[in-house]
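Each residue of the sequence shown is one higher than the one before, counting from 1008 in my numbering. Below is one structure, written out as structure tokens; the observations come after it.
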Amino acid sequence: MNAFNDLGSQDAAHRAGHPTAPDERAAPDRASRFYSAASLKGKPVKPREWLVQGLVPKKTVTLFSGDGGAGKSLLALQLAIAVTAQTAWIGKTVNTGGVIYLSAEDDNDELHRRVDDILRAEGRDYDDLSGLTLRSLAGEDALLAIESGVALMQTELFKELDARAVDEAPALIVVDTLADVYPANENDRAKVRQFVGILRGLALKRNCAVLMLAHPSLTGLNSGTGTSGSTAWNNSVRSRLYLSRITDNGFEADPEGARGLQDRPDRCCVGNSSQRSAGAVVQNAPDAPSNHPARTACLAGNRHSGTARGFSWL
């Protein structure tokens, strides 16, 4: 026992002279605090903030899914241009501001072609896009997080994105697409929630909307829900948009007939209102909710020409 006591005394003396470093695994200092709901009495209720009313909320993540070739990248770029150039998007007004558009699918030449097509259809000029920052990651490592034990860690690319957001204070950040930026198994519920949490933290800190594009799984395509992998994707985000092809008895609309849309690529109709939109015609649907008057869209342009597509809000 004396020997053990001596060892204990020596260890205590060593610790006193050499304080241990804080445990790196300890919980980080948090900004959140417990508070009583009664303390909210008399305080003004802040309205929910939207980038696009009823569709894309600010300070959180919106998941925009659609099968490859459905036109989601084109539609997302149209939104980016609408936000920075102060135009409408699918017939809806948007809050304006800067935009950061991160594309892991399209190279710089493809982005240029699409931007040019949209500007010509909108009757706009490149001078209107001073607030739109583009970055193509095609052919590069585009991961925004990496796996590290049980948690996901932010990559240097994510830190670059965050630093750019600090400098530019954008109203919108577009990430195209999920498969390129997410490092783990899409069915891993815990990792999915962590990743969405990382992007939500970015949206909260930088006071912007984050629009994340994704491809649905085969099950999501067959069911018409547009889901991908774990249901945590659907349950973790605050808003989800799904772009699908319009079919008639299981077949897509006649490509030759739909190509006529290219003859009037500058018209976008929602109800009784008309707005200019590159290569899009948006129509009413009788079963649409009252707060979402447009539920179907036909897109014509580039590789998407001549195919009818549906746009649903879930």
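No residue lacks a Cβ here, since even glycine has one placed at the ideal position from N, Cα and C. In this text, all values refer to a predicted model and were calculated from it rather than measured experimentally.
Restricting attention to Lys-1212, Leu-1168, Ala-1077, Ala-1045, the CA atom closest to the CA of Ser-1110 is found in Leu-1168. By DSSP's assignment, Glu-1154 forms a beta bridge with Leu-1159. Annotation note: the region 1195 to 1230 contains the following uninterrupted beta strand (DSSP E) runs of length 3 or greater, listed N- to C-terminal: 1216 to 1221.
Of the residues assessed, Lys-1053 falls on the exposed side of the cut-off, its CB having fewer than 16 other CB atoms within 10 angstroms. Using a Cβ-Cβ distance cut-off of 8 Å, the region 1069 to 1077 and the region 1136 to 1153 are not in contact, since fewer than three pairs of beta carbons, one from each stretch, lie closer than that value. Here DSSP, grouped into helix, strand and coil, assigns Lys-1099 to strand. In the DSSP secondary-structure assignment, Asp-1183 is bridged to Ser-1110. DSSP, reduced to helix, strand and coil, places Tyr-1249 within a strand of the structure shown. Straight-line spacing of the CA atoms in Ile-1180 and Tyr-1108 works out to 6 Å.
Annotated as proximal: Val-1244 and Val-1203, with beta-carbon spacing under 8 Å. Between the alpha carbons of Leu-1058 and Glu-1129 lies a distance of about 20 Å. When the alpha-carbon of Ala-1158 is set against those of Arg-1131, Pro-1177, Asp-1195, the nearest one is in Asp-1195.
Taking a contact to require three or more Cβ pairs closer than 8 Å, the region 1171 to 1179 and the region 1205 to 1215 qualify as touching. Going by DSSP, Thr-1140 is part of no alpha helix (DSSP H) but of the beta strand (DSSP E) stretching over 1139 to 1143.
Looking at the DSSP output, Phe-1165 bridges to nothing. Cα atoms of Arg-1127 and Glu-1117: separation of roughly 15 Å, rounded to the nearest angstrom. Nearest to Tyr-1249 by C-alpha distance, out of Ala-1077, Gln-1060, Ala-1045, is Ala-1077.
Note on Val-1173: under 16 other CB atoms within 10 angstroms of its CB, so exposed under the neighbour-count rule.
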